[in-house]
Amino acid sequence: MDINTAKEALLKRSNAFRERYFTAYGQLVLRVNEETYISSRENLRLSKLTGKDFDLFDINTGDIGRIFSSRDDINAIVFICTEAAVRFSKENQIMRPALDDLAQIIGPDVTVCPDGTARTLLKALRNRRGCFIQGSGIIAVGDTIEEAIAGARILEKSAEAEIYSGKLHGLQYLDPTTAQELHKYYDGSYSKVNQKEKVDFISSGAEEFQLRNRIIDCGKDMSRSELVQGSWGNISLRLNPDTMLITPSGMDYFSIRTEDIVRMNIHDLKYGMQRKPSSEYRLHAALYRRYPECNAIIHTHSNGISAFAAAHAGFRISEPPMDQLIGDMHCSEYRTPGTDELCDSIMEAIKGSHACIIANHGAIFCGNNLDVTLAIANAVESRACNLLGFGQRAEEEDA
1 MDINTAKEAL
11 LKRSNAFRER
21 YFTAYGQLVL
31 RVNEETYISS
41 RENLRLSKLT
51 GKDFDLFDIN
61 TGDIGRIFSS
71 RDDINAIVFI
81 CTEAAVRFSK
91 ENQIMRPALD
101 DLAQIIGPDV
111 TVCPDGTART
121 LLKALRNRRG
131 CFIQGSGIIA
141 VGDTIEEAIA
151 GARILEKSAE
161 AEIYSGKLHG
171 LQYLDPTTAQ
181 ELHKYYDGSY
191 SKVNQKEKVD
201 FISSGAEEFQ
211 LRNRIIDCGK
221 DMSRSELVQG
231 SWGNISLRLN
241 PDTMLITPSG
251 MDYFSIRTED
261 IVRMNIHDLK
271 YGMQRKPSSE
281 YRLHAALYRR
291 YPECNAIIHT
301 HSNGISAFAA
311 AHAGFRISEP
321 PMDQLIGDMH
331 CSEYRTPGTD
341 ELCDSIMEAI
351 KGSHACIIAN
361 HGAIFCGNNL
371 DVTLAIANAV
381 ESRACNLLGF
391 GQRAEEEDA
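Letter 374 of the sequence shown, counting from 1, is numbered 374 in the UniProt record's numbering, and no numbers are missing.
Printed below as a string of structure tokens:
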């Protein structure tokens, strides 16, 4: 990688900080090669970065260089300072996972470090991809800048859930064994799936080709709306009474191509020689089998809904026409992601509705088409944020 490629990657991925929920100040850092790294200058507003904000450094420079020199598995570092991260880190010494994506990508627990020296951070990052710095914010690391940014946003989301937990009568934490198993699954399977650069096209007609591209566009829209972090969440469309199209597992929404979308039989769940589908394919297929009127499904990990998910709490929707389109948002019982047990739990919670909250996880939405379903997901997320008293702060600042 050369400096221009690295700078372009950081600028492109800085778009993840769109400020729907929070304004993030901080620093994005990427290893260029064995001798250098590129970094934005400290404490800049990450949504406003430009090409002039980056400098090249020797790998032996500063605490960042020491982290890179000590850990060859770390190629990207993200530091963000947000209100929720500062508040949480001032009052706590450790974060227990109440969201399974935190356990998966970061670790079975998260340390609050007393300082930001390399020695302290390296200790906290042992077998972890992130930590807090007391009174300062979040450090997240990854093999790629995408992974590090996703980790930082999940840590921020978890801090928000902690801050607003009093309005939800407290959070329901994952037990340590479950958290450890989820982290092992991410390290051993999820982070390594679908790494083949390209797959072959499968035969499809014009309608299917358009639907595949509509899923891709929806994934980008979902990401821009901050309803997901990184490759989390999933999308599907009904192709015909027996077949669905679904997003692949573990792929960034801005990297998915037409041929990466997986065609699957909703009855026998066979999909042949294609990408590995999203781990929640069983759930999507079950919903299509139960609800013939359902033609589109979106699964999100948004901040407001995640706070309710972390507390195993639901909420009523009484405003027309949303009450008729969705019904009340009930919360499922916690089950391991990607399992038949999770599918059964959600199928029970979604009865009489077109959406539900998934305990310690996120939410699922069903609709007649992707445009309507995405609009519903955004509206329900805004409702969750309003109930908690946060969200849309950047819009208020700019008004």
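Don't be surprised by glycine CBs; every beta carbon is placed ideally from N, CA and C.
- Query: Mind checking A148: buried by the 16 CB within 10 Å criterion, or exposed?
  - Reply: buried
- Per-residue DSSP class, three states only, for G62: helix
- Throw me the rounded Cβ distance for the G26 and C113 pair, which I believe falls under 8 angstroms. Not a contact, Cβ separation roughly 15 angstroms.
- Item | T258 to L227 span [Cα, whole Å] | 22 angstroms
- State the beta-bridge partners of A140 as determined by DSSP. V78 and G130
- Query: Under 8 angstroms, do T247 and G219 count as touching if we go by C-beta distance?
  - Reply: yes
- Query: Which same chain residues, not among the five before or five after E395, have their C-beta less than 7 angstroms away from its C-beta?
  - Reply: At E395, the pLDDT of 39 sits below 50, so the modelled position is not reliable; the number obtained from the coordinates is stated separately. Once the five neighbours on either side are set aside, E395 has no close Cβ partner at all.
- Item | Cutoff 7 angstroms; reference Y271; Cβ partners in own chain excluding five residues on either side | V262, R263, M264 and P277
- Per-residue DSSP class, three states only, for I376: helix
- To the nearest whole angstrom, what separates the beta carbons of L173 and A98, a pair I think is in contact under 8 angstroms? It is Tyr, not Leu, that sits at residue 173 in the sequence shown. Correct: roughly 5 angstroms between the Cβ atoms.
- Query: Below 8 angstroms, can you find three or more Cβ-Cβ pairs linking the region 196-204 to the region 329-345?
  - Reply: no
- Task: Please state whether DSSP places S39 in a helix, a strand or coil.
- Result: strand
- Kindly indicate which residue of I64, Q274 and L11 has the alpha-carbon position closest to the one of Y37. I64
- Query: What are the residues that DSSP puts in a beta bridge with G51?
  - Reply: Paired residue(s): none; G51 is not in a bridge.
- As assigned by DSSP and simplified to three states, the class of R119: helix
- Query: Taking buried to mean at least 16 other C-beta atoms within 10 Å of its own C-beta, is I235 buried or exposed?
  - Reply: buried
- Any idea if D55 is buried or exposed, counting beta-carbon neighbours within 10 angstroms, 16 or more meaning buried? exposed
- Item | Rounded straight-line distance, which links the Cα of I376 to that of D177 | Looking at the sequence shown, residue 177 is not Asp but Thr. Going from the Cα of T177 to the Cα of I376 covers about 35 angstroms.
- Task: Kindly indicate which residue of A24, L370 and N386 has the alpha-carbon position closest to the one of N213.
- Result: L370
- With a cut-off of 8 angstroms on the beta carbons, I'd call H330 and I357 a contact; round off their distance for me. 7 angstroms
- Any idea if M95 is buried or exposed, counting beta-carbon neighbours within 10 angstroms, 16 or more meaning buried? buried
- Are the CB atoms of I256 and I216 nearer to each other than 8 angstroms? yes
- First and last residue of the uninterrupted beta strand (DSSP E) at A363: G362 to G367
- Buried or exposed by the 16-neighbour rule on C-beta atoms within 10 Å, applied to N60: exposed
- Query: Can you name the residues that DSSP bridges to H299?
  - Reply: N234 and I364
- Query: With a Cβ-Cβ cutoff of 8 angstroms, do G142 and N127 count as a contact?
  - Reply: no
- Applying the criterion that 16 or more other CB atoms from any shown protein chain within 10 Å of the CB defines a buried residue, is A384 buried or exposed? buried
- Query: Rounded C-beta distance between G362 and H301? I'm assuming under 8 angstroms.
  - Reply: 4 angstroms
- In terms of alpha-carbon separation, which member of D268, L245, A286 and S189 lies closest to Q274? L245
- Message: Please state the DSSP three-state secondary structure of N386.
- Response: helix
- Terminal residues of the continuous beta strand (DSSP E) containing Q27? Y25 to R31
- When burial is assigned at 16 or more other CB atoms within 10 Å of the CB, is Q104 buried or exposed? buried
- Query: From A379 to P337, what does the alpha carbon distance come to, in whole angstroms?
  - Reply: 25 angstroms
- Message: Comparing C-alpha positions only, which one of D187, E19, S279 and T144 sits nearest to A76?
- Response: T144
- Relative to the alpha-carbon of S345, which residue among K351, S353, A355 and E333 has its alpha-carbon at the smallest distance? E333
- Message: Could you tell me which whole beta strand (DSSP E) segments of length 3 or greater appear in the region 203-274?
- Response: 234-240, 243-246 and 262-265
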